[in-house]
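*Asks:*
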Amino acid sequence: MKIFIAIYLLCLSQMAFAEEPDKKPGTDAMLFGDVKSGEEHIPFATIAIQGTTIGTAADATGHFKISDLPLGKQKILVSAVGYKTYSKEIVFSKNNSVTLLVNMEPDNIGIEQVVVTANRNAKSRKESNAIINSINQKLFERTFNATLSEGLNFSPGLRMENNCQNCGFSQVRMNGLAGHYTQILINSHPVFSGLAGVYGLELIPAVMIDRVEIIRGGGSSMYGSNAIAGTVNLITKDPVSNTFSVSNSYGTFGQNGGSGLADDFNLTMNGSFVTDDYKSGLSIFGFYRKRNPFDANNDGFTELSHIKNSTLGSRFYQRVASRGKITFDYFNINEYRRGGNNLHLPLHEADISESVRHNIHLGSGTFDLLMREADKITIFFSGQIVDRDSYYGANQDLSAYGKTEDLTYTSGAQYTRQINHMLFSPATVNIGAEFKGSHLEDNKLGYYDIVSEEHLGNTLIADQNLFLKSTFVQSEWKFNKMLLSAGLRYDNYRVTDESGENSDISGNVLSPRINWMYNIFNDLQLRAGFAKGFRAPQIFDEDLHIETSGSRQVLHRNDENLKQESSNSYTFSLNYTGNEGECQYQLLVEGFYTTLKDPFANEYGTPDENGVVIYTRKNAEKGAQVKGINVEFNISPLNELQLQSGFTLQRSAYEEPQEFGETRFFRSPDNFGFLSLNYQPVSQFSISATANYTGQMLVPYFGIQLDNPAEGELRTSESFFDMGLKGAYSFKLTDDVRLEINAGVKNLFNSYQKDFDSGINRDPSYIYGPLSPRLIYVGLRFGTLF
127 MKIFIAIYLL CLSQMAFAEE PDKKPGTDAM LFGDVKSGEE HIPFATIAIQ
177 GTTIGTAADA TGHFKISDLP LGKQKILVSA VGYKTYSKEI VFSKNNSVTL
227 LVNMEPDNIG IEQVVVTANR NAKSRKESNA IINSINQKLF ERTFNATLSE
277 GLNFSPGLRM ENNCQNCGFS QVRMNGLAGH YTQILINSHP VFSGLAGVYG
327 LELIPAVMID RVEIIRGGGS SMYGSNAIAG TVNLITKDPV SNTFSVSNSY
377 GTFGQNGGSG LADDFNLTMN GSFVTDDYKS GLSIFGFYRK RNPFDANNDG
427 FTELSHIKNS TLGSRFYQRV ASRGKITFDY FNINEYRRGG NNLHLPLHEA
477 DISESVRHNI HLGSGTFDLL MREADKITIF FSGQIVDRDS YYGANQDLSA
527 YGKTEDLTYT SGAQYTRQIN HMLFSPATVN IGAEFKGSHL EDNKLGYYDI
577 VSEEHLGNTL IADQNLFLKS TFVQSEWKFN KMLLSAGLRY DNYRVTDESG
627 ENSDISGNVL SPRINWMYNI FNDLQLRAGF AKGFRAPQIF DEDLHIETSG
677 SRQVLHRNDE NLKQESSNSY TFSLNYTGNE GECQYQLLVE GFYTTLKDPF
727 ANEYGTPDEN GVVIYTRKNA EKGAQVKGIN VEFNISPLNE LQLQSGFTLQ
777 RSAYEEPQEF GETRFFRSPD NFGFLSLNYQ PVSQFSISAT ANYTGQMLVP
827 YFGIQLDNPA EGELRTSESF FDMGLKGAYS FKLTDDVRLE INAGVKNLFN
877 SYQKDFDSGI NRDPSYIYGP LSPRLIYVGL RFGTLF
């Protein structure tokens with residue numbers, strides 16, 4: 127705690143002595159500009175003055191104006207999605223104006239896209255010492271993904287999977303590791319809790335996301351527990367101009383069998399508003415979704431749950447002087463989902479019902495201050511409240527109602543210092559401290575027992591506090607053709623059980639991390655990295671989901687002697703980029719190798735007299751290894767045509783046999799990949815094709831097809847090829863406003879699981895492959911944001 131306070135005081139002291147540049151009110155130094163690519167104007171490009179928070183955005187015709195600029199030499203940066211960042215130094219003098227004609231070069235495959243996840247400071251992806259993949263709004267639109275979840279399938283090494291027929295509990299696997307090995311960040315802050323993570327990736331609408339940045343491997347020292355597989359960083363939209371957009375879509379499942387058609391309706395809106403001087407801005411977004419349940423095998427039980435989601439949020443910024451900025455974010459997600467059968471009846475009257483209602487509030491505030499030439503201080507806080515009502519029950523069970531409340535909060539400070547010479551070259555040093563706390567209380571609700579004629583009270587399932595104090599230091603050196611980043615992170619965690627059933631757990635972890643990049647030549651980079659990580663023994667997302675059938679319920683519990691899991695992660699990659707005329711291309715080959723010490727593994731119990739099975743999480747006596755290769759190939763032979771693709775070959779296994787005498791990880795295919803192709807011959811029309819391939823995997827089965835379902839068996843799934851097509855045509859209604867009509871199909875060949883278990887005693891966890899069957903859809907979009 128003393129170190130934590132000391133870093134806060136250091137940041138505050140640096141703020142006190144921060145120097146303002148030569149910026150006086152009324153300099154009347156003006157910048158006028160016109161942003162083009164060739165002969166085509168670029169609307170809503172972002173224009174910024176480096177080293178300040180002064181900036182603006184071009185209008186719908188590509189023109190902009192900035193007034194009262196700081197005097198002297200200033201560096202102007204112009205950026206837009208799909209183009210290389212443009213920079214130019216200009217000398218401003220009092221009462222004078224300058225006209226800047228900007229001609230931006232296309233960057234159709236994101237070679238030089240600006241990213242922030244590696245060290246929370248913006249830089250070109252090509253110049254980052256860690257491989258960072260980015261999923262932007264255009265990809266969400268081309269793949270017709272209304273929520274975050276399915277969009278993650280279009281990044282190398284990532285694969286979304288559904289883990290429950292009843293409620294649709296899902297997770298993202300990265301480099302062969304399960305979802306709880308991945309750290310989910312919102313604007314670079316780890317406020318996304320385990321409870322929110324049960325269904326969270328499907329709860330978050332794509333409309334609130336500017337882009338998603340992904341680092342595979344331990345990466346930066348700035349990210350701690352649960353970043354063993356990597357990080358998924360959701361960057362929300364900044365207001366940059368006065369714009370709006372409204373869209374809706376309607377689709378249907380079940381054209382090729384099942385119990386009939388099921389509808390999926392989505393409505394989104396967003397807008398941004400900025401003041402004339404661009405010192406204040408507000409963006410707002412809204413999302414509504416209603417998906418009807420779908421029964422794939424006509425047994426009366428759902429394979430896709432019923433969903434109703436309403437989300438509303440905003441982001442506000444206020445520039446302070448010329449070098450400070452305050453940002454506030456808030457959003458509320460209210461979602462109801464239900465699966466099972468007889469969905470028209472009350473929950474406890476159905477044969478099977480898994481139902482959850484989430485009410486999530488998340489807010490954050492950030493203060494950024496630029497100092498000296500390029501130093502920066504960031505102070506932030508984030509908080510999340512999750513209120514969940516649940517029912518996981520079968521056979522008209524009145525005791526299956528639950529109530530879960532979760533509070534997560536985090537705060538921290540980071541100071542970035544540019545040093546002209548440290549040890550052997552100029553360096554960028556980041557030091558910081560973070561504090562994270564959470565409290566989770568999970569109860570089974572009481573009910574009136576008509577047999578005993580008494581009211582049974584609530585039952586406490588979990589009452590856990592988690593406290594995590596962290597400090598880190600990371601330095602980045604650039605010399606000749608090399609870029610070296612080395613960091614050290616210290617974490618102190620404490621997990622307390624307020625129910626008194628389990629003893630408190632605490633630990634101290636020191637995690638070194640290092641990344642190295644060598645520019646063999648300008649278009650070929652060699653990268654290598656090492657990271658040490660850990661997972662503390664706590665309540666995880668799968669513990670808050672109960673797998674339910676008529677014959678059994680599966681509960682996940684921690685062994686009383688469970689200790690922390692540790693990892694060592696190694697990465698090595700070659701990245702080649704090239705330009706030949708209009709043609710741009712990139713080839714990445716990345717090897718990864720992760721060793722797990724004391725890895726968490728499930729020990730399957732046997733059903734008791736009520737059919738309850740306990741999966742006990744224990745430490746495997748020996749370790750585990752995950753290794754493989756990611757290959758990414760992107761090419762844009764013409765400005766009108768872009769192809770993005772990725773493929774993963776991996777192997778993940780324990781060092782000794784686990785359940786079913788198997789060493790290999792379950793539900794982890796040895797190969798999978800994606801492809802996205804977009805063709806836009808004219809500005810009004812585009813057509814997109816997408817595909818996901820999923821290889822065979824091992825899947826446990828405990829269903830009615832077995833003579834003894836309690837013993838189960840291990841099955842090998844088939845492979846899948848999920849292809850989609852989409853076409854869009856837009857009309858210009860005014861100079862600023864357009865109308866788009868789009869239509870398409872997802873999972874064109876209906877490549878979908880064909881051996882679902884059926885009936886009340888089915889095994890709901892026996893589910894694999896693509897997230898949904900064929901979906902045919904149409905949509906409209908209206909506004910200025912495209």
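With positions in the sequence shown counted from 1, the corresponding number in my numbering is that position plus 126. Cβ coordinates follow ideal geometry from the N, Cα and C atoms, glycine included.
(1) What distance in whole Å lies between the Cβ atoms of Gly-772 and Val-752, which are believed to be in contact at a cut-off of 8 Å?
(2) Helix, strand or coil: which one does DSSP assign to Glu-531?
(3) In the DSSP assignment, what are the bridge partners of Thr-187?
(4) Grab the span of the beta strand (DSSP E) containing Arg-463 for me, first residue to last.
(5) So for Arg-498, helix, strand or coil by DSSP?
(6) Going by alpha carbons, who is nearest to Leu-840 out of Asp-160, Arg-793, Glu-475, Thr-742?
(7) Mapping the DSSP letters down to three states, classify Leu-438 as helix, strand or coil.
(8) Put Asn-262 into one of helix, strand or coil per three-state DSSP.
(9) In whole angstroms, what is the alpha-carbon distance linking Asn-458 and Ile-173?
(10) Quick one: Cα of Tyr-696 to Cα of Gly-164, how far?
(11) Please look up how many angstroms separate the CB atoms of Ala-750 and Leu-722, rounded, as I've assumed it's under 8 Å.
(12) Cutting at 6 Å between CB atoms, please list the residues of its own chain near Glu-624, excluding the five before and the five after it.
(13) So what's Leu-865 in DSSP terms, helix, strand or just coil?
(14) Counting along the chain, where does the alpha helix (DSSP H) carrying Glu-276 start and finish?
(15) Using a Cβ-Cβ cutoff of less than 8 Å, which residues in the same chain neighbour Leu-897 once the five nearest sequence positions on both sides are dropped?
(16) Applying the 10 Å Cβ sphere with the 16-neighbour rule, what's the burial state of Ala-500?
(17) In the DSSP assignment, find the unbroken alpha helix (DSSP H) run with Gly-323 in it and report its ends.
(18) Starting from the Cα of Leu-946, find the closest Cα among Gln-651, Pro-638, Phe-411, Thr-401 and give me that residue.
(19) Assuming Tyr-170 and Val-333 make a contact with CB atoms under 8 Å, what is their CB distance in whole Å?
(20) Would you call the stretch 844-860 and the stretch 806-817 in contact, with 3 or more CB pairs under 8 Å?
(21) Within 10 angstroms of the Cβ of Asn-546, are there 16 or more other Cβ atoms? Answer buried if so, exposed if not.
(22) Helix, strand or coil for Lys-416, going by three-state DSSP, please let me know.
(23) Going by DSSP, what residue range makes up the beta strand (DSSP E) through Gly-326?
(24) Around the C-beta of Leu-278, are 16 or more other C-beta atoms found within 10 angstroms, so that it is buried, or is it exposed?
(25) Which of the three DSSP states, helix, strand or coil, is assigned to His-565?
(26) Taking the alpha-carbon positions, what's the Val-808 to Leu-265 distance?
(27) What residues are listed by DSSP as bridge partners for Ser-409?
(28) Does the stretch 297-304 come close enough to the stretch 773-789 to have 3 or more Cβ pairs within less than 8 Å?
(29) Rounded to a whole number of angstroms, what is the C-alpha to C-alpha distance between Asn-694 and Asn-705?
(30) Could you check how far apart the C-beta atoms of Val-482 and Cys-293 are, in whole angstroms? I think they sit under 8 Å.
(31) Short of 6 Å in beta carbon distance, which residues of its chain neighbour Ala-817, apart from the five on each side in sequence? Order them along the chain.
(32) Indicate the three-state DSSP secondary structure (helix, strand or coil) for Pro-147 in the structure shown.
(33) Going by DSSP in three states, Arg-793 sits in which element: helix, strand or coil?
(34) Have a look at Asn-569 and Gln-510 and give me their C-alpha separation to the nearest angstrom.
(35) Of the choices Asn-701, Met-643, Phe-718, whose alpha-carbon is the least far from that of Gly-283?
(36) Buried or exposed: where does Gln-831 fall if 16 or more other Cβ atoms within 10 Å of its Cβ makes it buried?
*Replies:* Quick answer:
(1) Numbered from 1 along the sequence shown, position 626 holds the residue referred to as residue 752. Numbered from 1 along the sequence shown, position 646 holds the residue referred to as residue 772. The pair is not a contact, with the Cβ atoms about 18 Å apart (cut-off 8 Å).
(2) Mapped onto the sequence shown, residue 531 falls at position 405. Strand at Glu-531.
(3) Mapped onto the sequence shown, residue 187 falls at position 61. Paired residues: none, contrary to the question.
(4) For the purposes of this step, residue 463 is taken as the residue at position 337 of the sequence shown. Element bounds for Arg-463: 450-466.
(5) The residue labelled residue 498 in the question sits at position 372 within the sequence shown. Coil.
(6) Within the sequence shown, numbered from 1, the residue matching residue 840 stands at position 714. Nearest of Asp-160, Arg-793, Glu-475, Thr-742 to Leu-840, Cα basis: Arg-793.
(7) Counting from 1 along the sequence shown, the entry for residue 438 is found at position 312. Strand at Leu-438.
(8) Stepping through the sequence shown from its first residue, residue 262 is reached at position 136. Looking at Asn-262 - three-state DSSP - the assignment turns out to be strand.
(9) On the sequence shown, residue 458 is found 332 positions in, with the first residue counted as 1. On the sequence shown, residue 173 is found 47 positions in, with the first residue counted as 1. C-alpha separation (whole angstroms): 31 Å.
(10) Within the sequence shown, residue 696 is the residue found at index 570, counting from 1. Within the sequence shown, residue 164 is the residue found at index 38, counting from 1. Roughly 43 Å between the two C-alpha positions.
(11) Taking the sequence shown and counting its residues from 1, one reaches residue 750 at position 624. Taking the sequence shown and counting its residues from 1, one reaches residue 722 at position 596. Going by Cβ atoms, the distance from Ala-750 to Leu-722 rounds to 4 Å, so yes, they are a contact pair.
(12) Numbered from 1 along the sequence shown, position 498 holds the residue referred to as residue 624. Taken in chain order, the residues that qualify are Asp-589.
(13) Here residue 865 refers to the residue found at position 739 when the sequence shown is read from its first residue. Looking at Leu-865 - three-state DSSP - the assignment turns out to be strand.
(14) Taking the sequence shown and counting its residues from 1, the one referred to as residue 276 is at position 150. First-last of the alpha helix (DSSP H) with Glu-276: 274-277.
(15) To locate residue 897, count along the sequence shown from 1; it is residue 771. Hits under 8 Å: Ser-275, Glu-276, Met-286, Glu-287, Asn-288, Ser-296.
(16) What you label residue 500 is simply residue 374 of the sequence shown in a count that begins at 1. That one is exposed.
(17) Position 197 of the sequence shown, counted from the first residue, corresponds to residue 323. 320-323 is the span of the alpha helix (DSSP H), which, as asked, contains Gly-323.
(18) This structure cannot speak to residue 946, because the chain is shown only from 127 to 912.
(19) Locating residue 170 in the sequence shown gives position 44, counting from the first residue. Locating residue 333 in the sequence shown gives position 207, counting from the first residue. What sits at residue 170 in the sequence shown is Phe, not Tyr. About 17 Å; that fails the 8 Å criterion.
(20) yes
(21) Mapped onto the sequence shown, residue 546 falls at position 420. Burial call: exposed.
(22) Within the sequence shown, the letter at position 290 stands for residue 416. Strand, per DSSP.
(23) As a working note, residue 326 is residue 200 in the sequence shown. Gly-326 -> not in any beta strand (DSSP E); alpha helix (DSSP H) instead, spanning 326-329.
(24) Translated into positions along the sequence shown, residue 278 becomes position 152. Looking at its Cβ environment, which holds 16 or more other Cβ atoms inside 10 Å, Leu-278 is buried.
(25) As a working note, residue 565 is residue 439 in the sequence shown. Strand.
(26) Here the question's residue 808 lines up with position 682 in the sequence shown. Here the question's residue 265 lines up with position 139 in the sequence shown. The alpha-carbon atoms of Val-808 and Leu-265 are separated by roughly 18 Å.
(27) One-based indexing of the sequence shown puts residue 409 at position 283. In DSSP, Ser-409 forms a bridge with Ser-398, Arg-441.
(28) yes
(29) Along the sequence shown, read from residue 1 onward, the residue named residue 694 stands at position 568. Along the sequence shown, read from residue 1 onward, the residue named residue 705 stands at position 579. Roughly 37 Å separates the two Cα atoms.
(30) Here residue 482 refers to the residue found at position 356 of the sequence shown. Here residue 293 refers to the residue found at position 167 of the sequence shown. Contact flag correct, Cβ pair sits at about 7 Å.
(31) For this step, residue 817 is matched to residue 691 along the sequence shown. Leu-801, Met-849.
(32) Walking along the sequence shown from the start, residue 147 turns up at place 21. Caution applies to Pro-147, whose pLDDT of 43 falls short of 50 and renders its modelled position unreliable; the value that the coordinates give is listed next. In this structure, Pro-147 counts as coil in the three-state DSSP scheme.
(33) What you label residue 793 is simply residue 667 of the sequence shown in a count that begins at 1. Coil at Arg-793, not helix or strand.
(34) Working through the sequence shown from its first residue, we reach residue 569 at position 443. Working through the sequence shown from its first residue, we reach residue 510 at position 384. Distance between the alpha carbons of Asn-569 and Gln-510: 19 Å.
(35) Reading the sequence shown from its first residue, position 157 is the one you call residue 283. Checked all of Asn-701, Met-643, Phe-718; the closest Cα to Gly-283 is Phe-718.
(36) Indexing the sequence shown from 1 puts residue 831 at position 705. When all chains shown are included, Gln-831 counts as exposed.
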